[in-house]
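Shown next, in structure tokens, is the structure this report addresses.
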Amino acid sequence: MGVAVSIEQVVKRFGSLRALDGVSLEIAEGEFFGLLGPNGAGKTTLISCLAGLVRPDQGRLAVMGRDVRGDYREARRQLGVVPQELVFDPFFSVRETLRIQSGYFGIRHNDDWIDEILENLDLTSKANVNMRRLSGGMKRRVLVAQALVHKPPVIVLDEPTAGVDVELRQGLWQFVQRLNREGHTVILTTHYLEEAEALCGRIAMLKQGRVVALDTTSNLLARFAGHTLNLRLGGDRALPETLRARATQADGYFVFRLAGFNEIEPLLAAIRVAGCTIDDLRLTQADLEDVFVGVMQGAKVGEVVQ
Amino acid sequence: MSGLRTLLYKEVLRFWKVGFQTVAAPVLTALLYLLIFSHVLDSEVQVNSVRYAAFLIPGLVMMSVLQNAFANTSSSLIQSKVMGSVVFILLPPISYVEFYLAYVVAAMARGLMVGVGVLAVTGWFAPLTFVAPVWILVFAIIGGGIMGSLGMIAGIWADKFDQLSGFQNFLIMPLTMLSGVFYSIHSLPPFWQRVSHFNPVFYMIDGFRYGFFGVSDVAPATSLAVVSASFVVVALITLSMLRSGYKLRY
Chain Y
1 MGVAVSIEQV
11 VKRFGSLRAL
21 DGVSLEIAEG
31 EFFGLLGPNG
41 AGKTTLISCL
51 AGLVRPDQGR
61 LAVMGRDVRG
71 DYREARRQLG
81 VVPQELVFDP
91 FFSVRETLRI
101 QSGYFGIRHN
111 DDWIDEILEN
121 LDLTSKANVN
131 MRRLSGGMKR
141 RVLVAQALVH
151 KPPVIVLDEP
161 TAGVDVELRQ
171 GLWQFVQRLN
181 REGHTVILTT
191 HYLEEAEALC
201 GRIAMLKQGR
211 VVALDTTSNL
221 LARFAGHTLN
231 LRLGGDRALP
241 ETLRARATQA
251 DGYFVFRLAG
261 FNEIEPLLAA
271 IRVAGCTIDD
281 LRLTQADLED
291 VFVGVMQGAK
301 VGEVVQ
Chain C
1001 MSGLRTLLYK
1011 EVLRFWKVGF
1021 QTVAAPVLTA
1031 LLYLLIFSHV
1041 LDSEVQVNSV
1051 RYAAFLIPGL
1061 VMMSVLQNAF
1071 ANTSSSLIQS
1081 KVMGSVVFIL
1091 LPPISYVEFY
1101 LAYVVAAMAR
1111 GLMVGVGVLA
1121 VTGWFAPLTF
1131 VAPVWILVFA
1141 IIGGGIMGSL
1151 GMIAGIWADK
1161 FDQLSGFQNF
1171 LIMPLTMLSG
1181 VFYSIHSLPP
1191 FWQRVSHFNP
1201 VFYMIDGFRY
1211 GFFGVSDVAP
1221 ATSLAVVSAS
1231 FVVVALITLS
1241 MLRSGYKLRY
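Protein sequence lines, in the order shown, are assigned to chains Y and C. Numbering of the first sequence is given in this note's numbering, commencing with residue 1 and proceeding in unit increments. Numbering of the second sequence is given in this note's numbering, commencing with residue 1001 and proceeding in unit increments.
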């Protein structure tokens, strides 16, 4: 597998703010890659550097081996970006918008592919409607379509499902997953962690312009406490102090982190011995949100990437 | 080159779709100027032995060319910046030179279209001659190029609509209104005549008018030299802004 995107020691300052503080990443062809981080972590700045919208102060970025500055024409042909903001050109219909966008990339007579994109994004009935008349969700779909007109090998989606209804979200992910299966590299930034967990094979977490975690999704999940046991007690017996110290409390439940399933039996035995009655019991798997919170608090995730 | 062609097409389509506002409205404005000023002055004033209404028409045509060329680039850029749709032209492989050419040629196209419209509706009110049509065309094209470039500078520089309207009202309007559209600068006191010679728009109007009547305040070759030099200067400024990504790429 070749390298789809390489980012080397990229620094970008806005005044005294270091929006990107030496970010290095390499994304392989065909990956579904997640870029996570709180607001202001530098995700959009990094994507903007890749797209040539922001010029880094230091470092180098390349898309499919093409330098985004020196070989910008080729680099931009390799890249399709769905911007975060819901932007549109109010003068044109959906089809005009897509034809014009194709022309910017030097592609004429692109209607077959445009029709296919429209169908996949459920936009066919809106093809001749002016952009102003579309709902927010529809405008979002057009943004996705615009990013795809030139069949870019690398697709970047900057929080594409913010403010989008569930139905579209599902449809959009199916379409993007299909593109990924067909060989497109997909880079996704999102606030919806369950989305990243379900879709991304590998994830980088950014905080204050630095990569603080970079690993496969499954490794990140595995490394960060496997399971939790959530208990709600009935009756009037309180939990003994020794057990209470091991647990955290949330919504009336005592939450025990488990390194393995073999810890469950002794725990329940201790509760029985103490004479407590269990009102409710849940076993849950750690999700990306736990990993995310842990990493952002500088907690126990192993690898911190410079 | 296809990126350039598409961007040019998009810019022309943009103003053409709202042609009532971008072409018809300025034609009407110019017609009103003509009706009012020629009603008041036509019977009393002659300029360079030309009837006032006839003298005024080329001035109004050129003023319309210039103002609309400026309006086209500046409004397009500020709108797409404020609305964020400017990313659609920043993401594709379009060079800064192509970016410049597409916007400026579209501005010239709108300027010329309005100019032809103004000429078509005002030409009935006074006997016009076309002594040197090539000069007419050359001055209209270069003038449109200068104002289209200035519109780009203003549209890129301005972050808000009121900044743009400041540029338009406090720079472009005085330069065009005080350029000899409505009068010959020979009718001005000597001091203001000298001041007028520092206004490049004066040379655009004067050279353009020469094409109609074969008479002008300064030699047309001088006007052409000044106007061409001005075009080179504003084009280089605009190109260097685009090249550096000023207020477009951060």
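Yeah, the Cβ is synthetic: ideal placement off N, Cα and C, and Gly gets one too. Remember, it's a predicted structure, so these values are computed and weren't measured experimentally.
Nearest chain Y C-beta to residue i closer than 8 Å, yes or no?
{"i": "C/K1017", "result": "yes"}
{"i": "C/G1151", "result": "no"}
{"i": "C/S1228", "result": "no"}
{"i": "C/M1083", "result": "yes"}
{"i": "C/T1238", "result": "no"}
{"i": "C/L1007", "result": "yes"}
{"i": "C/G1155", "result": "no"}
{"i": "C/V1087", "result": "yes"}
{"i": "C/R1014", "result": "yes"}
{"i": "C/S1064", "result": "no"}
{"i": "C/K1010", "result": "yes"}
{"i": "C/S1002", "result": "yes"}
If contacts are defined as beta-carbon pairs under 8 Å, then residue i and residue j qualify, I think. What distance do you get, rounded to the angstrom?
{"i": "Y/A196", "j": "Y/I203", "result": "6 Å"}
{"i": "C/V1118", "j": "C/A1030", "result": "4 Å"}
{"i": "Y/L157", "j": "Y/V82", "result": "5 Å"}
{"i": "C/S1165", "j": "C/V1234", "result": "Contact doesn't hold; Cβ gap of about 20 Å is too wide."}
{"i": "C/S1007", "j": "C/E1098", "result": "Strictly speaking, residue 1007 of chain C in this sequence is Leu, with Ser absent from that position. Right, their Cβ atoms sit about 7 Å apart."}
{"i": "Y/V10", "j": "Y/L79", "result": "Wrong, their Cβ atoms sit about 16 Å apart, outside the cutoff."}
{"i": "Y/R13", "j": "Y/D57", "result": "6 Å"}
{"i": "Y/V291", "j": "Y/V154", "result": "With a Cβ gap of about 26 Å, Y/V291 and Y/V154 do not count as contacting."}
{"i": "Y/I107", "j": "Y/H150", "result": "6 Å"}
{"i": "C/G1211", "j": "C/L1224", "result": "11 Å between Cβ atoms; not a contact."}
{"i": "C/I1153", "j": "C/I1078", "result": "Going by Cβ atoms, the distance from C/I1153 to C/I1078 rounds to 12 Å, so no, they are not a contact pair."}
{"i": "Y/R272", "j": "Y/N230", "result": "Y/R272 to Y/N230, Cβ: 17 Å. No contact."}
Taking the DSSP output, what are the residues bridged to residue i?
{"i": "Y/D280", "result": "Y/R232"}
{"i": "Y/H227", "result": "Y/L258 and Y/Q285"}
{"i": "C/V1082", "result": "Note: C/V1082 sits in no beta bridge, so no partner."}
{"i": "Y/V208", "result": "Checking the sequence, you will find Gln at residue 208 of chain Y rather than Val. For Y/Q208, which the question treats as bridged, DSSP gives no partner whatsoever."}
{"i": "Y/A62", "result": "Y/S6 and Y/D67"}
{"i": "Y/T248", "result": "Y/V255"}
{"i": "Y/A213", "result": "Y/M205"}
{"i": "Y/D21", "result": "Y/V11"}
{"i": "Y/L157", "result": "Y/V82 and Y/L188"}
Give a yes or no on whether the minimum CB-CB distance between residue i and chain C is below 8 Å.
{"i": "Y/Q58", "result": "no"}
{"i": "Y/I100", "result": "yes"}
{"i": "Y/G302", "result": "With a pLDDT of 42 at Y/G302, under the threshold of 50, the modelled position of this residue cannot be trusted, and the question is left open."}
{"i": "Y/D158", "result": "no"}
{"i": "Y/R210", "result": "no"}
{"i": "Y/D112", "result": "no"}
{"i": "Y/P153", "result": "no"}
{"i": "Y/G42", "result": "no"}
{"i": "Y/D67", "result": "no"}
{"i": "Y/Y72", "result": "yes"}
{"i": "Y/R55", "result": "yes"}
{"i": "Y/G294", "result": "no"}
{"i": "Y/D89", "result": "yes"}
{"i": "Y/V3", "result": "no"}
{"i": "Y/V81", "result": "yes"}
{"i": "Y/R108", "result": "yes"}
Just to confirm my understanding: we take residue i, look at its own chain, exclude 5 residues before and 5 after, and list those with CB closer than 6 Å. What are they?
{"i": "Y/L168", "result": "G137"}
{"i": "Y/R232", "result": "G252, Y253, D279 and D280"}
{"i": "C/Q954", "result": "Look at the range of chain C in this structure, 1001 to 1250, and you will see that residue 954 of chain C is not part of it."}
{"i": "C/A1252", "result": "Beyond the ends of chain C as shown, which are 1001 and 1250, falls residue 1252 of chain C; an answer cannot be given."}
{"i": "C/M1113", "result": "V1023"}
Give me, in chain order, the residues of the same chain whose beta-carbon lies closer than 7 Å to that of residue i; leave out the 5 immediate sequence neighbours on both sides.
{"i": "Y/M64", "result": "A4, Q78, P153 and V154"}
{"i": "C/V1065", "result": "G1111, L1112, V1114, G1115, A1140, G1143 and G1144"}
{"i": "Y/A270", "result": "L243"}
{"i": "Y/M296", "result": "P38 and K207"}
{"i": "C/V1121", "result": "V1027 and L1031"}
**Item:** Within the region 83 to 128 of chain Y, ranges of the alpha helix (DSSP H) (whole runs, at least 4 residues)
**Value:** 94 to 104 and 111 to 120
request  = Only counting runs of 4 or more residues, tell me where the alpha helix (DSSP H) segments fall wholly within the region 126 to 154 of chain Y, in order along the chain.
outcome  = 136 to 148
Handout entry: 4 or more residues per run - each alpha helix (DSSP H) lying fully within the region 1148 to 1213 of chain C
Key = 1161 to 1167, 1173 to 1177, 1190 to 1196 and 1200 to 1213
*At which residue ranges does the region 1037 to 1103 of chain C contain complete alpha helix (DSSP H) runs of 4 or more residues, listed in the order of the chain?*
1052 to 1083 and 1087 to 1090
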